[in-house]
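Note sheet for the following structure.
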Amino acid sequence: MQYAPLLKLATRAPREEGIALELPLSSSSSPAVCRAALEETNRIFDLARHAAQEHDAWLLTQEKHEESRRERVELMRIATDTPKAAPARSAAAPLARPVGSSALAAAEVSLMFHMPDKRQVSQNVHISSVAFDVYTKAYELLEKKDIAFTMNVSGPRGGAPRLLSKELDEGTWSASLSGLGLVAGGIYDVQVSQN
């Protein structure tokens, strides 16, 4: 047992006249015995300090994990409570426009959403849009909004030499589409799945 040396520390024993401390050494011990006992006691206290430090570090880690969990829950609550439009964008870089309006602009990609209900919806999106914008669009298209979903983007279509297959999750929400590896002018499939 790692902390067995702690059991050898001095104990208190009740006496009729009060509490007396029973030391593991007698007063007639030699200096060498006292020195050895002192070293053993110091080692035991060092072990106890180390155990306390490990526990404090563990508690700090647990607090950080709990804070991360709270942030993720809050993000999901925001995403599910407000399925309105994505954050406002400047007029120079619109988030998306329907495919039928014209061919792809130089800084756009075409996303083909494959929904759980077998629908396919195409959307042209600016390459500087972030993955959370794609998440928001997928949420808007879902029939069953109360069931969690996952997304995977793959492509581009047409046999391009650099094929991409990437899961879009909360770890990628802040990344731009170009930062995720999508290339302007490409057509990508977004597979949306629900359990």
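For the sequence shown, the tail end lands on 177 under the numbering used here, and the numbers increase by one without skipping.
Built from N, CA and C at the ideal position, the CB exists for glycine as well.
Alpha-carbon spacing of residue i relative to residue j, whole angstroms
i: ALA106; j: ASP151; result: Note on residue identity: the sequence assigns Asn, not Ala, to residue 106. Approximately 20 Å, taken between the alpha carbons.
i: SER158; j: ALA166; result: 12 Å
i: TYR117; j: LEU145; result: 21 Å
i: GLY153; j: MET97; result: 22 Å
i: ALA88; j: LEU162; result: 18 Å
i: ALA18; j: ASP28; result: 15 Å
i: ARG101; j: SER50; result: 34 Å
i: ASP38; j: SER147; result: 41 Å
i: ALA30; j: ALA14; result: 24 Å
i: HIS32; j: LEU42; result: 15 Å
i: CYS16; j: GLN35; result: 28 Å
i: ARG54; j: GLU149; result: 17 Å
i: GLU45; j: LEU86; result: 47 Å
i: THR23; j: HIS47; result: 36 Å
i: ILE26; j: TRP40; result: 21 Å
i: ARG52; j: ALA130; result: 17 Å
Anticipated Cβ contact below 8 Å, residue i with residue j, distance rounded
i: VAL103; j: PHE95; result: 5 Å
Member of the options whose CA lies at the smallest distance from the CA of residue i
i: SER92; options: SER12, ALA19 and SER160; result: SER160
i: THR62; options: SER175, LEU164, ALA120 and ALA88; result: ALA120
i: SER111; options: ARG54, LYS126 and LEU164; result: LEU164
i: SER156; options: GLU36, LEU57 and ASP128; result: LEU57
i: ASP128; options: GLU149, ARG59 and GLU90; result: ARG59
Check whether residue i and residue j have beta carbons under 7 Å apart
i: ILE169; j: ARG139; result: yes
i: ASP99; j: GLU125; result: yes
Short CB-CB distance (under 7 Å) between residue i and chain C
i: LYS148; result: Chain labels in this structure do not include chain C; a single protein chain is all it has.
Report task. Give a yes or no on contact between the region 170 to 177 and the region 132 to 141, applying the rule of three or more CB pairs nearer than 8 Å. Result -> Three or more pairs of CB atoms, one per stretch, sit closer than 8 Å, so the region 170 to 177 contacts the region 132 to 141.
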